[in-house]
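Chemist: Sharing a structure here in structure tokens format.
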Amino acid sequence: MRLSSVPFPTALAGFVAVLVGYASSAALIWQAASGVGASSAQIACWMTALGLAMGVSTLALTLWYRVPVLTAWSTPGAALLATSLHGATLNEAVGVFIFANALIVLCGVTGLFARLMKIIPHSLAAAMLAGILLRFGLQAFTHLDGDFLISGSMLLAWVLCKAWLPRYAIVATLIVGALAAWLTGDVVTHNLAFNVVMPEFTAPHFTFTTLISVGVPFFLVTMASQNAPGVATMQAAGFHVAVSPLMIFTGALALLFSVFGVYSICIAAITAAICQSPDAHPDASKRWLAAAAAGVFYLLAGIFGGSITALMAALPLSWIQTLAGLALLGTISGSLHQALVNERERDAAIVTFLVTASGVTLLGVGSAFWGLVAGGICYAVFSGARRA
Numbered sequence: 026m027r028l029s030s031v032p033f034p035t036a037l038a039g040f041v042a043v044l045v046g047y048a049s050s051a052a053l054i055w056q057a058a059s060g061v062g063a064s065s066a067q068i069a070c071w072m073t074a075l076g077l078a079m080g081v082s083t084l085a086l087t088l089w090y091r092v093p094v095l096t097a098w099s100t101p102g103a104a105l106l107a108t109s110l111h112g113a114t115l116n117e118a119v120g121v122f123i124f125a126n127a128l129i130v131l132c133g134v135t136g137l138f139a140r141l142m143k144i145i146p147h148s149l150a151a152a153m154l155a156g157i158l159l160r161f162g163l164q165a166f167t168h169l170d171g172d173f174l175i176s177g178s179m180l181l182a183w184v185l186c187k188a189w190l191p192r193y194a195i196v197a198t199l200i201v202g203a204l205a206a207w208l209t210g211d212v213v214t215h216n217l218a219f220n221v222v223m224p225e226f227t228a229p230h231f232t233f234t235t236l237i238s239v240g241v242p243f244f245l246v247t248m249a250s251q252n253a254p255g256v257a258t259m260q261a262a263g264f265h266v267a268v269s270p271l272m273i274f275t276g277a278l279a280l281l282f283s284v285f286g287v288y289s290i291c292i293a294a295i296t297a298a299i300c301q302s303p304d305a306h307p308d309a310s311k312r313w314l315a316a317a318a319a320g321v322f323y324l325l326a327g328i329f330g331g332s333i334t335a336l337m338a339a340l341p342l343s344w345i346q347t348l349a350g351l352a353l354l355g356t357i358s359g360s361l362h363q364a365l366v367n368e369r370e371r372d373a374a375i376v377t378f379l380v381t382a383s384g385v386t387l388l389g390v391g392s393a394f395w396g397l398v399a400g401g402i403c404y405a406v407f408s409g410a411r412r413a
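Under our numbering, the first residue of the sequence shown carries the number 26, and numbering increases by one thereafter.
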């Protein structure tokens with residue numbers, strides 16, 4: 026596949042997905058790595074290895090299944106590592122990566138995760154996706170208060186193009202926003218430096234305390250708050266792929282590259298929604314091209330892993346968040362429709378949506394998991410009452 030053969034809006038969807046993924050959580054990874062004593066050069070090696078691993082996994086799965094299977098690092102997992110690894114060494118952190126990724130492979134081999142995903146009603150999965158994406162949709166408008174020129178011009182461009190040239194709405198939004206950011210002097214380029222670094226091997230060290238106190242919660246958070254929403258996002262968009270092979274492939278790849286700083290490779294949720302939406306391609310059977318383009322951009326990001334932080338710092342936050350929010354509006358509305366269209370499941374779905382959107386974290390597990398739990402309980406109770 027050549028990027029030149031991919032429609033520009035489709036390739037752009039892949040670029041935006043990668044951009045949003047890096048912009049939303051790259052800082053968390055740097056924080057987690059710094060907490061275990063990693064140097065700037067070692068962190069750059071982590072970013073290189075992560076980018077290459079996500080690029081390889083996204084391209085391999087997307088080209089094999091011909092559906093938009095986007096992978097990502099675990100953002101909730103990075104947040105947990107950033108707060109839980111203090112006092113641990115870099116070698117112990119790598120030991121945690123190997124332990125957690127091995128558990129993910131085991132979960133895929135046994136088919137446990139696939140069986141759990143079949144139990145979840147489609148309306149609840151769609152409601153969970155809408156709840157996850159809600160705050161990103163809101164960010165499309167929150168910057169109107171403090172950065173009106175950039176956000177306002179992007180919103181105006183999106184509305185006008187959505188009315189007359191809907192397929193190019195995000196293209197126009199990106200260009201207009203970038204131009205506004207440049208004119209206002211919000212693009213800072215003097216610190217940009219493009220450096221190529223090689224992944225660096227780190228010998229693992231396993232301690233029982235670290236594996237239990239960090240490894241087990243990290244595994245649970247990754248599965249409940251990243252892989253589960255990722256699979257639900259794909260299914261809600263109408264793409265159905267056997268779950269166990271996805272867990273085995275992504276877990277095994279992360280396990281293989283754990284010694285280079287690849288702490289996780291998961292099925293993407295938020296960024297995948299960008300590639301799986303009608304804005305990526307009006308023909309659902311060709312939306313895999315957007316994910317494939319994202320895989321190429323992942324590889325490029327990995328090659329220049331040492332420059333990711335500088336690049337993120339050069340772009341204004343309002344531009345990134347407004348672009349992401351507008352790119353996800355179609356997915357949010359579609360998910361809400363699927364969640365609420367069945368009157369019998371509507372109450373359980375709205376509970377799932379609100380709990381997920383609340384952002385509540387209990388026992389170190391994110392709101393996406395608890396939204397499914399709360400909605401599932403309501404679904405079971407309401408269904409039982411109707412049968413009685």
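C-beta atoms are modelled at their ideal positions from N, C-alpha and C, and glycine is treated no differently.
Under a three-way DSSP split, which group does ALA97 fall into?
Modeler: Here the question's residue 97 lines up with position 72 in the sequence shown. If DSSP states are grouped into helix, strand and coil, ALA97 belongs with the strands.
Chemist: Here's a check: name, in chain order, each residue in its chain whose Cβ is nearer than 6 angstroms to the Cβ of ALA352, leaving out the five neighbours to either side.
Modeler: Locating residue 352 in the sequence shown gives position 327, counting from the first residue. Counting only Cβ-Cβ distances below 6 angstroms, and skipping sequence neighbours, we find VAL41, ILE195, ILE299.
Chemist: Tell me, to the nearest whole angstrom, how far the beta carbon of ALA315 is from that of ALA85; I am working on the premise that it is less than 8 angstroms.
Modeler: Position 290 of the sequence shown, counted from the first residue, corresponds to residue 315. Position 60 of the sequence shown, counted from the first residue, corresponds to residue 85. Contact doesn't hold; Cβ gap of about 16 angstroms is too wide.
Chemist: Whole-angstrom Cβ separation of ILE290 and THR73, contact assumed at under 8 angstroms?
Modeler: Translated into the one-based positions of the sequence shown, residue 290 becomes position 265. Translated into the one-based positions of the sequence shown, residue 73 becomes position 48. Not a contact, Cβ separation roughly 14 angstroms.
Chemist: In the DSSP output, what is CYS300 paired with across the bridge?
Modeler: For the purposes of this step, residue 300 is taken as residue 275 along the sequence shown, with counting starting at 1. Its beta-bridge partners do not exist; DSSP assigns none.
Chemist: Which same chain residues end up closer than 6 angstroms to ALA113 when comparing Cβ atoms and leaving out the 5 residues on each side of it in sequence?
Modeler: Counting from one through the sequence shown, the residue named residue 113 turns up at place 88. Same-chain partners within the cutoff: VAL61, THR235.
Chemist: Short check: CB of GLY276 to CB of ILE129, under 8 angstroms?
Modeler: Reading the sequence shown from its first residue, position 251 is the one you call residue 276. Reading the sequence shown from its first residue, position 104 is the one you call residue 129. Yes; because the gap between Cβ atoms is below 8 angstroms, this pair is in contact.
Chemist: Starting from GLN251, trace the alpha helix (DSSP H) in both directions and tell me its first and last residue.
Modeler: Here residue 251 refers to the residue found at position 226 when the sequence shown is read from its first residue. Run containing GLN251: none; DSSP gives neither H nor E here.
Chemist: Taking the continuous alpha helix (DSSP H) assigned at GLU117, which residues delimit it?
Modeler: Counting from 1 along the sequence shown, the entry for residue 117 is found at position 92. Run containing GLU117: 115-135, per the alpha helix (DSSP H) assignment.
Chemist: If you run the structure through DSSP and keep just helix, strand and coil, what is LEU387?
Modeler: Position 362 of the sequence shown, counted from the start, is the residue given in the question as residue 387. Strand.
Chemist: Touching or not, the stretch 140-159 and the stretch 169-177, by the rule of three or more beta carbon pairs under 8 angstroms?
Modeler: Not touching, per the Cβ criterion.
Chemist: What would DSSP say about ILE145, mapped onto helix, strand or coil?
Modeler: Taking the first residue of the sequence shown as 1, we reach residue 145 at position 120. Three-state result, ILE145: coil.
Chemist: Would you call the CB atoms of VAL94 and THR87 closer than 8 angstroms?
Modeler: Within the sequence shown, residue 94 is the residue found at index 69, counting from 1. Within the sequence shown, residue 87 is the residue found at index 62, counting from 1. For VAL94 and THR87, yes; Cβs fall inside 8 angstroms.
Chemist: DSSP state of ILE292, grouped into three classes?
Modeler: Residue numbering aside, residue 292 sits at position 267 when the sequence shown is read from its first letter. Three-state result, ILE292: strand.
Chemist: Check each candidate in VAL398, VAL385, ALA257 and name the one with the smallest Cα separation from ILE295.
Modeler: Position 270 of the sequence shown, counted from the first residue, corresponds to residue 295. For the residues VAL398, VAL385, ALA257, the minimum Cα distance to ILE295 belongs to ALA257.
Chemist: Quick one: Cα of LEU414 to Cα of LEU181, how far?
Modeler: A query on residue 414 cannot be resolved here, the shown segment of the chain reaching from 26 to 413 and no further.
Chemist: Here's the rule: buried if 16 or more other CB atoms are within 10 angstroms of the residue's CB, otherwise exposed. What is PHE226?
Modeler: Counting from 1 along the sequence shown, the entry for residue 226 is found at position 201. It is exposed - the Cβ of PHE226 has fewer than 16 other Cβ atoms within 10 Å.
Chemist: For TRP89, is the classification buried or exposed, using 16 other Cβ atoms within 10 angstroms of its Cβ as the cut-off for buried?
Modeler: Counting from 1 along the sequence shown, the entry for residue 89 is found at position 64. So TRP89 counts as exposed.
Chemist: Quick check on this structure: which residue in LEU281, THR198, VAL92, SER358 has the alpha carbon closest to the alpha carbon of PRO229?
Modeler: The residue labelled residue 229 in the question sits at position 204 within the sequence shown. Nearest option by C-alpha distance: LEU281.
Chemist: Can you tell me whether DSSP reads VAL31 as helix, strand or coil?
Modeler: By 1-based counting over the sequence shown, the position of residue 31 is 6. Three-state DSSP puts VAL31 in coil, outside helix and strand.
Chemist: Ignore the nearest five residues each way along the sequence and tell me which others in ALA454's own chain have a CB closer than 6 angstroms to its CB.
Modeler: The chain is shown only over 26 to 413; residue 454 falls outside these bounds and no answer can be derived.
Chemist: Among the candidates ALA51, ARG140, LEU325, GLN363, whose CA atom is the shortest distance from the CA of VAL221?
Modeler: Position 196 of the sequence shown, counting from 1, holds the residue named residue 221. Comparing Cα-Cα distances from VAL221 to each of ALA51, ARG140, LEU325, GLN363, the minimum goes to LEU325.
Chemist: Quick one: Cα of LEU348 to Cα of ALA399, how far?
Modeler: Sequence index remark: in the sequence shown, residue 348 carries index 323 (1-based). Sequence index remark: in the sequence shown, residue 399 carries index 374 (1-based). Cα to Cα, the separation comes out at about 31 angstroms.
Chemist: Would you mind working out which of GLY320, ALA127, MET272 sits nearest THR35, comparing C-alpha positions?
Modeler: Along the sequence shown, one-based indexing puts residue 35 at 10. Looking at the Cα atoms, GLY320 is the closest of the given residues.
Chemist: Between PRO224 and the rest of its own chain, which residues show a CB-CB distance below 6 angstroms, the 5 nearest in sequence each way excluded?
Modeler: Numbered from 1 along the sequence shown, position 199 holds the residue referred to as residue 224. Excluding positions up to five away in sequence, the list reads CYS70, THR73, ALA74, PHE285.
Chemist: When the Cα atoms are used, what is the spatial distance from ALA103 to SER250?
Modeler: Locating residue 103 in the sequence shown gives position 78, counting from the first residue. Locating residue 250 in the sequence shown gives position 225, counting from the first residue. Cα-Cα distance, rounded: 11 angstroms.
Chemist: For ALA206, I'd like the list of residues in its chain whose CB is within less than 7 angstroms of its CB, leaving aside the five on either flank, ordered along the chain.
Modeler: Here residue 206 corresponds to residue number 181 of the sequence shown, with the count starting at 1. Around ALA206: ILE175, VAL212, PRO341, TRP344.
Chemist: Between the C-alpha atoms of GLU117 and THR232, what's the straight-line distance to the nearest angstrom?
Modeler: Residue numbering aside, residue 117 sits at position 92 when the sequence shown is read from its first letter. Residue numbering aside, residue 232 sits at position 207 when the sequence shown is read from its first letter. If I take the Cα positions, the gap works out to 7 angstroms.
Chemist: Going by CA-CA distance only, name the one from THR381, VAL406, GLY327 that's closest to GLY396.
Modeler: Translated into positions along the sequence shown, residue 396 becomes position 371. Selected option, being the one with the closest Cα: THR381.
Chemist: Ends of the alpha helix (DSSP H) at ARG411?
Modeler: Mapped onto the sequence shown, residue 411 falls at position 386. Start and end: 392-412.
Chemist: In or out: PRO254 buried (at least 16 other Cβ within 10 Å) or exposed?
Modeler: To locate residue 254, count along the sequence shown from 1; it is residue 229. With 16 or more other Cβ atoms within 10 Å, it is buried.
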